[in-house]
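Read the structure below first, then the notes.
In my numbering, the protein residues as written are 6 to 630.
Structure below.
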């Protein structure tokens, strides 16, 4: 029964909200309200339960005071229970039934309804938005830092709201109820309480904002530390290759030292805050109890009143530390949320145009129409802007044509492909696919029609099957295996086994596919594109990690893959693209030559120079050796 009740509470909030993905606000309280608004009934229930619980605790102290007074004035102890039993029964009902029920309801709302589901809901919504950010967003930040922001923001936002409800309202009801009981006994008992409250509020106003600022700095330093450590782990091959573990130690130590300094600065304030609180609480206890005793000696209050005052003051003193710490935690969590908001709420600079429709690719013609682009566009000063990577470039790739892009490193070849995939927006000109401006169609549909194999092949830390299925999620097992065989990957896949004993297509490949060789990763990537079977194919150094034997073995697969498709291929090893229908030679973001392999060799231009360097340079040296 209890398990079913808990399950019911845990399913009241759907964490996986599939509504339209919306950018969260970039102001703090609007950011909070954006996530809290759909859940306000649950937070209201939590507030009501907390206020009821606090009211009951104050009422219990009133019961105790009334019973003490009855005991003092009752002449015959033997008849006390018979005479005042109703009061004892009432207090027992409140203490044994009402208080546990209200407290259980409060904890049920907080633990079963809100804590896990609210946090997961915030993380899910922020993840969905961030995942659709532009490529540049992720290139300019640590992946580990971004992930840490999403995880921390969800937990801190939920915790700060719950803490505010628990601490602020609970304490407010407790304090107001105590003040009313004090005033009912003698108004002079409220004077020490009011003076203490003013001093306590001043202490809060002084310490809490400063702790919040220091905590925000410590949180930023912690995120930087996590980012640096994750960066080292992600690039562990480079670290090992250059034997720079000690350099990475220094890199992490700088961030850790900075984080520790910021944290210690915050803790100094915490210590000063606690000392101040101890002094205030001691004064409250002594002065209020002393006042109650003094008033009793003057016969202005009863013994029961003194007992109530003493009990409530001790309760307030105990609660004040909890409240101050909770408020400090609230501000620390607000600082974490604010820092996370600055990353999460960044506008997506690459969005679908209003009314964008899916692209249709019946033929596969590509046209670059006087395009301009440079990285870092949008700087305030034109003097600081880097030179354009692509400068007034025009190129038409006919349907079904195979075009090879050639040029020195930095000529703009990969940038041109990235612009075709709309990883970045142009500064000028247009890119058309079958007459459709790619800036006016949906990004997902555009990339669904383009298959790409890159030199830097990253695989997901999932099974081989999942990585290949990324090309077409509705493919059958037979389709996956057929694609792997075409890519000459099936034989090594069936021999794979990971640390958990998963074998073959079920084996996991490690983060970014690090458990596989470069050639194995590239063959899985080729299998993925073979399975996708898109009408436009982009090959960016697609066979750079393959040895000559494997490259020759899958050459026929590539020919089948390219058959009937529009192909743009990039390769520094010119022999791999020499047979293309047309070669386009780029230099400094411009097209300087076009033609077949034979035509370009006859011209004796840049392509001929590059060809001679490869065929007569390195190869000649290797032959001589």
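Glycine included, each C-beta is placed from N, C-alpha and C at the ideal position.
May I ask which residues mark the beginning and end of the alpha helix (DSSP H) holding residue i?
i, result
"residue 571", "Per DSSP, residue 571 belongs to no alpha helix (DSSP H); it is in the beta strand (DSSP E), 571–575."
"residue 476", "Counting along the chain, residue 476 falls outside any alpha helix (DSSP H), and DSSP gives it neither H nor E."
"residue 612", "611–618"
"residue 1", "No answer is possible for residue 1: it lies beyond the span of the chain, which begins at 6 and ends at 630."
"residue 19", "No alpha helix (DSSP H) holds residue 19; DSSP gives it neither H nor E."
"residue 42", "Counting along the chain, residue 42 falls outside any alpha helix (DSSP H), and DSSP gives it neither H nor E."
"residue 459", "Taken as a continuous stretch (DSSP letters only), residue 459 belongs to no alpha helix (DSSP H), as it is neither H nor E."
"residue 533", "523–537"
"residue 178", "175–190"
"residue 32", "It is not in any alpha helix (DSSP H) - residue 32 carries neither H nor E in the DSSP assignment."
"residue 581", "Residue 581 -> no alpha helix (DSSP H), and no H or E assigned at all."
"residue 608", "602–608"
"residue 430", "Segment: none, residue 430 is in no alpha helix (DSSP H) and carries neither H nor E."
"residue 110", "104–112"
What residues match up with residue i in a beta bridge as DSSP calls it?
i, result
"residue 545", "575"
"residue 373", "400, 436"
"residue 454", "Its beta-bridge partners do not exist; DSSP assigns none."
"residue 157", "Answer by DSSP bridge pairing: none, since residue 157 is not bridged."
"residue 508", "502"
"residue 441", "438"
"residue 595", "592"
"residue 68", "In the DSSP output, where bridge partners are listed per residue, residue 68 has none listed."
"residue 395", "378"
Compute the minimum distance between the beta carbon of residue i and the heavy atoms of the ligand NAP, and state whether it is under 7 Å.
i, result
"residue 368", "With respect to the ligand NAP, the structure offers nothing, as it holds no ligand at all."
Per DSSP, what kind of secondary structure is residue i in: helix, strand or coil?
i, result
"residue 135", "helix"
"residue 493", "coil"
"residue 282", "helix"
"residue 304", "coil"
"residue 362", "strand"
"residue 464", "strand"
"residue 356", "coil"
"residue 513", "strand"
"residue 311", "helix"
"residue 388", "Any reading at residue 388 must be qualified, since the residue scores a pLDDT of 44, below 50, and its modelled position is unreliable; no value is offered."
"residue 629", "For residue 629, the predicted model reports a pLDDT of 38, less than 50, meaning its position is unreliable; a value from the coordinates is still stated below. Helix, per DSSP."
"residue 446", "strand"
"residue 26", "coil"
"residue 47", "helix"
"residue 145", "coil"
"residue 415", "coil"
"residue 520", "coil"
"residue 197", "helix"
"residue 368", "coil"
"residue 249", "coil"
"residue 568", "coil"
"residue 209", "helix"
"residue 272", "helix"
"residue 75", "helix"
Which residues in the same chain have their Cβ closer than 6 Å to the Cβ of residue i, if we skip the five residues on either side of it in sequence?
i, result
"residue 376", "395, 398, 431, 434"
"residue 593", "none"
"residue 125", "20"
"residue 584", "none"
"residue 416", "591, 592"
"residue 300", "191, 306"
"residue 462", "526, 527, 530"
"residue 226", "263, 264, 267"
"residue 477", "536, 537"
In the DSSP assignment, find the unbroken beta strand (DSSP E) run with residue i in it and report its ends.
i, result
"residue 591", "587–592"
"residue 246", "That residue, residue 246, is in no beta strand (DSSP E); its alpha helix (DSSP H) goes 241–246."
"residue 407", "407–412"
Once you ignore the five residues that flank residue i on each side, which residues in its own chain have a CB closer than 8 Å to its CB?
i, result
"residue 256", "233, 237"
"residue 166", "37, 41, 48"
"residue 317", "63, 66, 183, 186, 187"
Indicate whether at least one CB of chain B lies closer than 8 Å to the CB of residue i.
i, result
"residue 414", "Among the chains of the structure shown, chain B does not appear; only one protein chain is present."
Residues in the same chain with beta-carbon distance under 7 Å from residue i, minus the five sequence neighbours each way, listed in chain order, please.
i, result
"residue 512", "468, 469, 501, 502, 503"
"residue 54", "107, 110, 111, 114"
"residue 178", "56, 59, 60"
"residue 103", "61"
"residue 579", "411, 615, 616, 619"
"residue 222", "267"
"residue 295", "none"
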